[in-house]
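Engineer:
There are 2 protein chains.
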Amino acid sequence: MKCSVQKDKLAESVNQVMKAISTKTTIPILTGIKLTAGMDGLTLTGSNSDISIKSYIPKLEDDRENVVVETAGSIILPSRLFSELVRKLPDENINIEVDARLIAKITSGRSEFTLNGLDPDEYPNLPVINEKDVFSIKKDLLKDVIRQTVYAVSLSETRPVLTGVKWTLLDGKLECVATDSHRLSERSVPVENGNTEDTREMVVPGSSLNELSKILDDDDDQVVDIVMTSNQILFKSSNVQFYSRLLDGNYPDTSRLIPTESKTVLTLSTKDLYHAIERASLLAKEERNNVVKLRAEADEVEISSQSLELGRVFETLRAEKFEGDALRISFSAKFMMDALGKIDAENVKIYFIGPMRPIIIRPVGDENILMLILPIRTF
Amino acid sequence: MKCSVQKDKLAESVNQVMKAISTKTTIPILTGIKLTAGMDGLTLTGSNSDISIKSYIPKLEDDRENVVVETAGSIILPSRLFSELVRKLPDENINIEVDARLIAKITSGRSEFTLNGLDPDEYPNLPVINEKDVFSIKKDLLKDVIRQTVYAVSLSETRPVLTGVKWTLLDGKLECVATDSHRLSERSVPVENGNTEDTREMVVPGSSLNELSKILDDDDDQVVDIVMTSNQILFKSSNVQFYSRLLDGNYPDTSRLIPTESKTVLTLSTKDLYHAIERASLLAKEERNNVVKLRAEADEVEISSQSLELGRVFETLRAEKFEGDALRISFSAKFMMDALGKIDAENVKIYFIGPMRPIIIRPVGDENILMLILPIRTF
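So the protein lines, in turn, are chains A and B. Take the first sequence: its letter number 125 is residue 124 in numbering that gives the first Met the number 0, and every next letter is one higher. Take the second sequence: its letter number 277 is residue 276 in numbering that gives the first Met the number 0, and every next letter is one higher.
(1) Assuming Ala-19 (chain B) and Glu-210 (chain B) make a contact with CB atoms under 8 Å, what is their CB distance in whole Å?
(2) Does the distance from the C-beta atom of Ile-302 (chain B) to that of Val-290 (chain B) stay below 8 Å?
(3) Compare the C-beta of Ser-110 (chain A) against all C-beta atoms of chain B and say whether one is closer than 8 Å.
(4) Can you confirm whether Phe-313 (chain B), when its beta carbon is compared against all beta carbons of chain A, has any partner nearer than 8 Å?
(5) What does DSSP give as the partner residues of Ser-51 (chain A) in its beta bridges?
(6) Mind reading off the beta-carbon distance from Val-239 (chain B) to Lys-348 (chain B)? Whole number of angstroms is fine, and I expect it under 8 Å.
(7) Assuming Thr-222 (chain A) and Ser-135 (chain A) form a contact by the criterion Cβ under 8 Å, report the distance between their Cβ atoms to the nearest whole angstrom.
(8) Quick one: which chain B residues come within Cβ less than 9 Å of Lys-87 (chain A)?
(9) Beta-carbon of Leu-80 (chain B) versus every beta-carbon of chain A: anything under 8 Å?
(10) Going by DSSP, what residue range makes up the beta strand (DSSP E) through Met-201 (chain B)?
(11) Which residues in chain B sit within 7 Å of Pro-77 (chain A), going by Cβ to Cβ distance?
(12) Is Leu-76 (chain B) closer than 8 Å to Leu-114 (chain B) when the C-beta atoms are compared?
(13) Per DSSP, which one or two residues make a beta bridge with Lys-165 (chain B)?
(14) If I measure Cβ to Cβ from Ser-110 (chain A) and keep anything under 7 Å in the same chain, skipping five residues before and after, which residues do I get?
(15) Enumerate in chain order the residues of its own chain whose CB-to-CB distance from Ile-352 (chain B) is below 7 Å, with the five nearest sequence positions on each side excluded.
(16) Evaluate His-181 (chain A) with the Cβ neighbour count: other Cβ atoms within 10 Å of its Cβ, from every protein chain shown; 16 or more gives buried, anything less gives exposed.
(17) I need the DSSP call for Asp-271 (chain B), collapsed to helix, strand or coil.
(18) Which same chain residues end up closer than 7 Å to Lys-137 (chain B) when comparing Cβ atoms and leaving out the 5 residues on each side of it in sequence?
(19) Under a three-way DSSP split, which group does Gln-221 (chain A) fall into?
(20) Please list the terminal residues of the continuous beta strand (DSSP E) segment that includes Thr-106 (chain B).
(21) Let me see if you follow: with CB-CB separation under 8 Å, is Asn-14 (chain A) close to chain B or not?
(22) Can you tell me whether Ile-56 (chain B) is buried or exposed, with buried defined as 16 or more other CB within 10 angstroms of its CB?
(23) For Asn-346 (chain A), would you say it is in contact with chain B, using Cβ-to-Cβ distances shorter than 8 Å as the test?
(24) For Thr-113 (chain A), return the contacting residues in chain B, with the cut-off set at a CB-CB distance below 7 Å.
(25) In whole angstroms, what is the alpha-carbon distance linking Ile-368 (chain B) and Ile-342 (chain B)?
(26) Any beta carbon from chain D within less than 8 Å of Leu-141 (chain A)'s own beta carbon?
(27) For Ser-212 (chain A), name the three-state secondary structure that DSSP assigns.
(28) To the nearest angstrom, how far is it from the Cα of Lys-23 (chain A) to the Cα of Ile-232 (chain A)?
(29) Between the region 175 to 195 of chain B and the region 143 to 155 of chain B, do at least 3 Cβ pairs fall closer than 8 Å?
(30) Of all Cβ atoms in chain A, is any one closer than 8 Å to the Cβ of Glu-91 (chain B)?
(31) Where does Ser-155 (chain B) fall in DSSP's three states?
(32) Identify whether Glu-366 (chain B) lies in helix, strand or coil by the three-state DSSP scheme.
(33) For a contact meaning CB atoms closer than 9 Å, what does Leu-316 (chain B) contact in chain A?
(34) Thinking C-beta only, is Val-16 (chain B) closer than 8 Å to Thr-44 (chain B)?
(35) Would you tell me roughly how many angstroms separate the C-alpha atoms of Ile-358 (chain B) and Leu-371 (chain B), rounded to the nearest one?
(36) Tell me whether Leu-80 (chain A) is buried or exposed, calling it buried when 16 or more other Cβ atoms sit within 10 Å of its Cβ.
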């Protein structure tokens, strides 16, 4: 293998595939980055066996020559060292030459690195995915969906299936649900080419979605193509391919958790409520449970918290609208802030049934988002 | 005590005094911030017994009313909670009212905090300092001196006096020296009113200088007044007073460590040399010692490093000027980068005597700075 590549393009690609590489892997070859020079350009691959990322640097792009390949070939290079090195090389152009003993000579300006590589034939193959079932979603919409659901997945491995987000594709809509059994988040979005004959269901690991979100840049409204198989999902965006395994196991039916009635409905400014709870939680988090109390009567809403050692806090808010009965309820400040922080709408509607029944939070003006948290018994 | 204060001024002052407060202190009252409202304004104090910081918010400043004091008085409030709270309060104005039971009611907008305070009479007194021996130094110059010397102090407590920077005031000049016995840094600066009759010497803890540097803002060229006593030093800058204890013990005589002769003198671009060593250290730091080699012959300088497992790196540089004999020497990449990173001049002169004798680094065009590192035996 012999090629030269533009430093900025290589650094960008290395940065993307590094998101899949773990230094804690038990498979030594997976601590490396795979480089493959072909006649069309250079492809980088990183993997931790749960997720794999492939980043492609095309030979030509916007009339600019990114890569010149003299001899095609592959090599595995130590990822951490290679990524630091690429960022720090002095020249805009980087030459990579690999000899038969798998030794890579990397030169740039007056720098010369000689790195011991590993055999690319020993690198695991990426899953082969049949691109029959492809649907598409706008990149910024995909990032929103991830942000608004993934925070609610379980971080505990006691029920592994709850560490993922359940995706259901039906009638041109993708419905996403996450729950850790104390709270839940649900969001649905329209997708392109999503009119499958049957309902498709899968559980995507939360950690994969977090990494995916990081490599999707903000600066365009391109679409992401999504391919599903029974145990893998592939996301394709411009020059990046992101593979993730899916989670096994039956995801619980969450629909019956969501109450349809309500006794009190409050409409509040999302930001004001968020900040009032944030301040109340300054005291609440010094206690172990981080619990705040909410009392509502007419349009007067009071958030309070106390710590025996430190003191007390009272926050008062005026509700935009108050419907139903007066109410006293306690809940986790963190859970409420997690939910409110994902809502972009100016106002939220909060639905209460009773002090021990689920609280439902919905942005005013958007029926596609629902968040649920369970209250905490304190009185 | 009863007063109201502008949030931004209070937040700034809290931020300053927090730098002196440690949550790991064994004296519980020192985890608090002391607030003292007087007729001229509000004073905040934080201390960890090694350093103490006093920040003063004047009643009036630039025609703006910062503080309104209704009743003078003092209180100690829990520092971490109070600092988070001040930043997050909703209104631009914060009211503080302390009752006879030392309970502070803090209100802002529709937020109301009730905090349990501690008795200000139990707070330790700050050292009383006789302001006879005062000299002054420009703020930006003081920050430079700290940056260019403090990095070389010892981090080990085996010889406590080496964890400080030795300051010598003589003939209107302040000379600062730091060494951890493997490297040394020396810088002298002119000061105002520094013509003391006798030489004054003191050892200022490196950690104090680091904290001091953080609270000196960049945005003006004011002077800092410095008052010395036998066991304390006080820095006064606009509305902040910074007290530090001094270190006991005899500081070693470092002058005899600095060689006066040299066999090879290289003049090199500071930045190019820094980056070449930085790249070579990518491999060197994977080995335990982080050692790089330098070979110079005529104006050809080669920096290299190798790791048995990973590979090798060669960097070549052209010296601006080469004087003396050809040379091979090894040294710590970290120590050399620490020194070069503190030099602002475009070029440096490096003086060598032999493979086991000290290396001297000086910025070209500034006789007031000298850095020394010991080489490492590798061949």
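Note that beta-carbon positions come from the ideal geometry of N, C-alpha and C, so glycine has one too.
Structural biologist: Quick look at the numbers:
(1) About 7 Å; that satisfies the 8 Å criterion.
(2) Their beta carbons are not under 8 Å apart, which means Ile-302 (chain B) does not touch Val-290 (chain B) by this criterion.
(3) Yes, Ser-110 (chain A) lies at the interface with chain B (some Cβ there is under 8 Å from its Cβ).
(4) Residue-level contact by beta carbon holds for Phe-313 (chain B) and chain A, with a gap shorter than 8 Å.
(5) Paired residues: A:Ser-46 and A:Tyr-242.
(6) In fact, because the Cβ distance is near 38 Å, the residues do not count as touching under 8 Å.
(7) The sequence given here places Val at residue 222 (chain A); Thr does not occur at that position. The pair is a contact, with the Cβ atoms about 4 Å apart (cut-off 8 Å).
(8) Within 9 Å Cβ-Cβ: His-274, Glu-277, Arg-278 and Leu-281.
(9) Answer yes: the Cβ-Cβ gap between Leu-80 (chain B) and chain A drops below 8 Å somewhere.
(10) Its beta strand (DSSP E) spans residues 199 to 204.
(11) Within 7 Å Cβ-Cβ: Leu-309.
(12) Yes; because the gap between Cβ atoms is below 8 Å, this pair is in contact.
(13) Beta-bridge pairing links Lys-165 (chain B) to B:Val-176 and B:Val-202.
(14) Excluding positions up to five away in sequence, the list reads Leu-88 and Pro-89.
(15) Excluding residues within five positions, the ones whose Cβ falls inside 7 Å are Pro-258, Glu-260, Ser-261 and Lys-262.
(16) Counting Cβ neighbours within 10 Å, His-181 (chain A) comes out exposed, since fewer than 16 surround it.
(17) In the structure shown, Asp-271 (chain B) sits in a helix (DSSP, three-state: H, G or I).
(18) The answer, listed in chain order, is Asp-220 and Val-222.
(19) DSSP places Gln-221 (chain A) in coil when its eight states are reduced to three.
(20) Here the beta strand (DSSP E) through Thr-106 (chain B) covers 102 to 107.
(21) Using a CB distance cut-off of 8 Å, Asn-14 (chain A) does not count as an interface residue toward chain B.
(22) Flag for Ile-56 (chain B) reads buried.
(23) Chain B, which has no Cβ nearer than 8 Å to the Cβ of Asn-346 (chain A), makes this no.
(24) Here the neighbours are Gly-310 and Arg-311.
(25) CA-CA distance, Ile-368 (chain B) to Ile-342 (chain B), rounds to 9 Å.
(26) In the displayed structure, chain D is absent; the protein chains listed are A and B.
(27) Here Ser-212 (chain A) sits in helix by DSSP.
(28) The straight-line gap separating the alpha-carbon atoms of Lys-23 (chain A) and Ile-232 (chain A) is approximately 24 Å.
(29) Yes: at least three Cβ pairs fall under 8 Å.
(30) It does not: the Cβ of Glu-91 (chain B) has no partner Cβ on chain A nearer than 8 Å.
(31) In the structure shown, Ser-155 (chain B) sits in coil (DSSP, three-state: anything other than H, G, I, E or B).
(32) Glu-366 (chain B): coil per DSSP, three-state reduction.
(33) Think of a sphere of 9 Å around the beta carbon of Leu-316 (chain B): the chain A residues whose beta carbon falls inside it are Arg-109, in chain order.
(34) Result yes, Cβ atoms of Thr-44 (chain B) and Val-16 (chain B) sit closer than 8 Å.
(35) The alpha-carbon atoms of Ile-358 (chain B) and Leu-371 (chain B) are separated by roughly 6 Å.
(36) So Leu-80 (chain A) ends up on the buried side.
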